[in-house]
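For reference, the structure discussed in these notes is given below.
Residue numbers (the numbering used here): 203 to 419.
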């Protein structure tokens with residue numbers, strides 16, 4: 203915890219130093235910025251997730267799964283609205299994927315409870331932790347400089363998803379997976395802080411070099 207706070211404090215200090223330099227370098231420039239590029243929104247992952255949900259829904263033929271089917275259909279319909287909305291942003295699409303993925307995981311867990319009531323392993327906390335991880339990725343690791351951090355999280359998410367999908371998973375498996383996800387999320391935050399610090403230092407050095415060149419002219 204102290205180590206992570208140290209990185210955050212260092213980033214704050216560097217940012218405080220570089221901010222005046224950015225402002226100084228911006229003096230004399232026009233306030234109006236060039237026309238922004240239209241956001242390219244990718245909906246392929248959402249479409250694939252909806253197809254995955256449809257396949258699972260189609261497998262719920264027995265009436266004992268009716269409530270599961272109804273809940274999942276409701277979330278699927280909401281996600282389909284985002285898919286069909288030409289004005290949907292990438293953030294809205296990503297959020298729809300995460301919500302639908304969580305709904306699907308809950309549906310799988312509930313089906314497992316019906317199929318094997320004696321086992322009754324509670325996976326709700328694991329499902330919530332998977333959602334937390336994916337939300338962190340969507341909100342913080344979209345830029346290319348975080349790709350390696352993102353991939354590490356996706357790898358541990360895949361392992362956790364396997365525990366959710368496995369009807370034979372034990373309480374110990376679930377607890378171990380939750381702990382692994384928690385650790386990896388914290389490690390990712392520290393790694394991101396290091397990357398951010400390195401970027402701030404690079405920006406500061408570049409701007410200082412630029413200003414020194416102007417002074418010598």
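Here a beta-carbon is modelled for each residue, glycine too, at the ideal position from N, C-alpha and C.
Counting C-beta neighbours from all protein chains within 10 Å, is the total for residue i 16 or more, i.e. buried, or is it exposed?
i: residue 296; result: buried
i: residue 320; result: exposed
i: residue 370; result: exposed
i: residue 307; result: buried
i: residue 356; result: exposed
i: residue 291; result: exposed
i: residue 366; result: buried
i: residue 395; result: buried
i: residue 374; result: exposed
i: residue 364; result: exposed
i: residue 402; result: buried
i: residue 352; result: buried
i: residue 266; result: exposed
i: residue 332; result: buried
i: residue 358; result: buried
i: residue 379; result: buried
i: residue 242; result: exposed
For the candidate residues the options, whose alpha-carbon lies nearest to that of residue i?
i: residue 285; options: 302, 391, 272; result: 302
i: residue 393; options: 277, 343, 364; result: 343
i: residue 390; options: 347, 373, 313; result: 347
i: residue 283; options: 258, 340, 248, 329; result: 248
i: residue 388; options: 335, 304, 257; result: 335
i: residue 376; options: 251, 328, 278; result: 328
i: residue 280; options: 288, 299, 270, 318; result: 299
i: residue 260; options: 244, 278, 243; result: 278
i: residue 341; options: 293, 364, 262; result: 293
i: residue 288; options: 245, 253, 262, 251; result: 245
i: residue 262; options: 401, 316, 251; result: 316
i: residue 253; options: 267, 372, 349, 275; result: 275
i: residue 326; options: 345, 362, 339; result: 362
i: residue 270; options: 310, 257, 250; result: 310
With DSSP run on the structure shown, which of helix, strand or coil describes residue i?
i: residue 406; result: helix
i: residue 321; result: coil
i: residue 285; result: helix
i: residue 369; result: coil
i: residue 221; result: Caution is warranted here: a pLDDT of 48 is assigned to residue 221, below 50, making its placement in the model unreliable, and no coordinate value can be reported.
i: residue 242; result: coil
i: residue 400; result: helix
i: residue 345; result: coil
i: residue 412; result: helix
i: residue 417; result: helix
Provide the residue span of the alpha helix (DSSP H) that contains residue i, from first to last.
i: residue 293; result: 292–317
i: residue 338; result: 326–342
i: residue 264; result: It is not in any alpha helix (DSSP H) - residue 264 carries neither H nor E in the DSSP assignment.
Is any non-hydrogen atom of the ligand ATP found closer than 7 angstroms to the C-beta of residue i, if you look at the structure I gave you?
i: residue 372; result: This structure lacks the ligand ATP, and indeed carries no ligand of any kind.
Taking Cβ positions only, does residue i come closer than 8 angstroms to chain D?
i: residue 372; result: Absent here is chain D; the protein component of the structure consists of one chain.
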